[in-house]
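Colleague: One structure is given below, represented as structure tokens, and several questions about it will come after.
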Amino acid sequence: MEFPALETYFQKLTDITDRVAMMNNHFDATPEADIPMLYEFFEDIQKYSWETTEREYYDLFTSYFTFHVKTVEEIIQEAREILNPENREYVKKLVSHTRQADDWFLNLKKRRKILRTQVA
1 MEFPALETYF
11 QKLTDITDRV
21 AMMNNHFDAT
31 PEADIPMLYE
41 FFEDIQKYSW
51 ETTEREYYDL
61 FTSYFTFHVK
71 TVEEIIQEAR
81 EILNPENREY
91 VKKLVSHTRQ
101 ADDWFLNLKK
111 RRKILRTQVA
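What follows is the structure, encoded as structure tokens:
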């Protein structure tokens, strides 16, 4: 499986995340469409065997991915401060996304560590 060029790959995720963030301060925000796109992108991320990549590539992936998760956590925090009842279900979905992303990433790091010790 060929791995994506990380800068352009994660730019797509950044664009989706920016649209999701609009739910906190724009009347024309569309979280009902944007959050499913976020979930779809995360499904795509999970298709790759990131644990088998070269260290530099993996480290760059890690940087992009953890930055994304932190950004979504900030969107959640801002939404909780605003307390817009219309966004409550969307905030729950974002919380679920960050939990899934954290769990998946933790397991990825474990798989990579196991793989690296087997090779050594």
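Okay, so the sequence shown: first residue is 1 according to this note's numbering, each after it adds one. Ideal Cβ placement from N, Cα and C applies to all residues, glycine included.
1) If Met-1 and Tyr-48 are in contact, beta carbons under 8 Å, what's the gap, nearest whole angstrom?
2) Which residue from Asn-24, Thr-17, Gln-11 and Arg-116 puts its Cα closest to that of His-97?
3) If you measure from the CB of Glu-74, is any heavy atom of the ligand FAD nearer than 7 Å?
4) List the endpoints of the continuous alpha helix (DSSP H) containing Ala-101.
5) How close, in whole Å, do the beta carbons of Met-23 and Pro-31 come, if the pair is a contact with beta carbons under 8 Å?
6) Taking just the CA atoms, how far does Phe-41 sit from Gln-131?
7) Among Arg-19, Arg-116 and Pro-4, which one has its Cα closest to the Cα of Ala-71?
8) Restricting to Cα atoms, I'd like to know which of Ile-75, Glu-51 and Glu-74 is closest to Gln-118.
9) Once the 5 residues before and after Lys-93 are set aside, which same chain residues still bring their CB inside 7 Å of it?
Modeller: Quick look at the numbers:
1) With 8 Å as the limit, Met-1 and Tyr-48 qualify as a contact, their Cβ atoms being about 6 Å apart.
2) Checking every option, the nearest Cα to that of His-97 belongs to Thr-17.
3) In terms of ligand content, the structure shown is empty, and the ligand FAD therefore cannot be addressed.
4) 88 to 119
5) 4 Å
6) Because residue 131 is not part of the residues shown, which for the chain are 1 to 120, the question remains open.
7) Note on residue identity: the sequence assigns Thr, not Ala, to residue 71. Out of Arg-19, Arg-116 and Pro-4, Arg-19 has the C-alpha closest to the C-alpha of Thr-71.
8) Glu-51
9) Ile-35
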